[in-house]
Amino acid sequence: MQENYKLRLGGRNFTDRMRCTAIGGHGGSGCVSFFRDVFVPRGPPNGGDGGHGGDVWFEVDENETSLSCVKQRLSARPGMNGRGKAMHGPRGSDLVVRVPKGTLVREIPLHADLTTHGQRVLVARGGLGGPGNPHFSSPTDRQPHYALRGLAGQTRTLDLELKTIADVGLVGLPNAGKSTFLSAVSNAHPKIAAYPFTTLNPYIGTVTFRDTHQITVADIPGLIPGAHRNVGLGHSFLRHVERSRILVYIVDISRPDPWNDLRALQTELDLYKPGLAERPSLVVANKADAANARENFEKWRAMADIPMIPVSAKQAKNITKVTATIRTMLEQLK
């Protein structure tokens with residue numbers, strides 16, 4: 111079995127929260143015009159209506175992974191004015207903004223939760239075009255000399271927040287070996303160093319099996335005590351795993367007390383969102399090649415209440431077993 115981990119999220123321009131203003135296009139104005147001919151000097155009104163302004167839409171695109179592509183001011187095109195000979199103004203073109211799957215759109219209250227590829231939501235409606243003077247013709251006024259201006263489009267200030275949607279969420283303390291683990295299961299090359307916080311942004315990737323089955327994986331920077339209170343930007347990281355169907359804890363088995371490390375991670379998750387740590391879980395006991403790892407693992411396995419797999423990410427040992435186990439767990443949830 112071979113896996114391919116495609117790096118899709120992260121980098122210096124990664125944005126997962128922003129505020130923007132969406133403005134619908136202004137409606138075009140109606141036209142005051144009358145039919146004229148050699149033999150019809152005072153014909154009926156024939157002014158065209160103004161075109162409606164374009165709308166602003168958000169549409170989910172699974173190829174987008176960050177909100178950095180969304181501008182702070184989003185304006186649809188205005189409708190064109192009506193013209194004589196009953197020529198109505200063209201409608202202004204809509205503005206369709208591509209956003210990542212998992213984007214929350216808030217006005218007040220919650221406006222939309224965009225979770226499915228192709229899902230679209232209207233966020234600012236364009237203004238109506240003004241009617242031309244034929245609309246105001248009456249038995250008492252056959253030749254009205256007025257029309258209406260188009261209306262302004264909606265203007266809305268929106269807060270966008272990205273909560274990554276992935277099958278699997280990776281959770282671990284700083285320097286637990288998550289980046290090394292990712293390199294071992296894939297051809298991705300995240301930054302690896304022997305100090306904490308080498309991963310500074312969340313990532314989402316895809317593990318593709320030989321039979322083309324795919325699993326999406328969200329990786330967040332290491333958590334520290336107090337993350338649920340936003341210590342160390344904990345909220346910015348934790349929201350990217352709260353929608354994951356399975357949690358995979360990456361624990362350094364060579365540390366003096368890996369059991370307490372796991373409990374600390376579970377506590378932070380539960381304090382951030384009650385019940386989050388109760389999701390189906392798997393423990394990857396990393397650095398199993400260390401001198402004291404075997405003894406620690408045997409002690410720990412006797413106490414553990416969730417599945418555990420010893421792994422040496424550095425030596426790529428047991429990696430295939432981990433990915434196969436994750437796939438089986440996901441299939442059991444269907």
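Going by this note's numbering, the first residue of the sequence shown is number 111, and it counts up by one from there.
Note that CB positions come from ideal geometry on N, CA and C, so glycine has one too.
For E174, there is no enclosing beta strand (DSSP E), as DSSP marks it with neither H nor E. By the neighbour-count definition (other C-beta atoms within 10 Å, threshold 16), V166 is a buried residue. The beta-bridge partner set that DSSP reports for W167 consists of V206, L232.
Take I275, set aside five residues on each side of it, and the residues of its chain with a beta-carbon closer than 7 Å to its own are K211, G212, T225, R353, in chain order. Note that the C-beta distance between G163 and G134 is below 9 Å.
F319 carries a coil assignment under DSSP once its states are collapsed to helix, strand and coil.
One thing to note: G279 has its Cβ no nearer than 9 Å to the Cβ of A234.
Boundaries cannot be given for R152, as no alpha helix (DSSP H) includes it and DSSP labels it neither H nor E. Per DSSP, P420 lies in no alpha helix (DSSP H) segment; the continuous beta strand (DSSP E) that holds it begins and ends at 418-420.
Cβ contact annotation for L258 (same chain, cutoff 6 Å, sequence separation greater than five): G140, G240, P241, in chain order.
A Cβ-Cβ distance of about 46 Å is found for the pair L238 and G315, leaving them out of contact under the 8 Å criterion. For P420, the closest of G189, S364, R208 by C-alpha to C-alpha distance is S364. It is roughly 15 Å from the alpha-carbon of I436 to the alpha-carbon of T322. When the five nearest sequence neighbours on each side are left out, the beta carbons in the same chain lying within less than 8 Å of the beta carbon of A400 are those of I363, S364, in order along the chain. Residue burial is scored here from C-beta neighbours: K383 has fewer than 16 other C-beta atoms within 10 angstroms and is therefore classed as exposed. Approximately 5 Å separates the beta-carbon atoms of G199 and N191; this is inside 8 Å, confirming the contact. Comparing alpha carbon positions, the residue from C179, F144, R216, L232 closest to R193 is F144. According to the DSSP assignment, L372 belongs to the alpha helix (DSSP H) that extends over 368-382.
Annotation for Q442: the continuous alpha helix (DSSP H) segment containing it runs 429-443.
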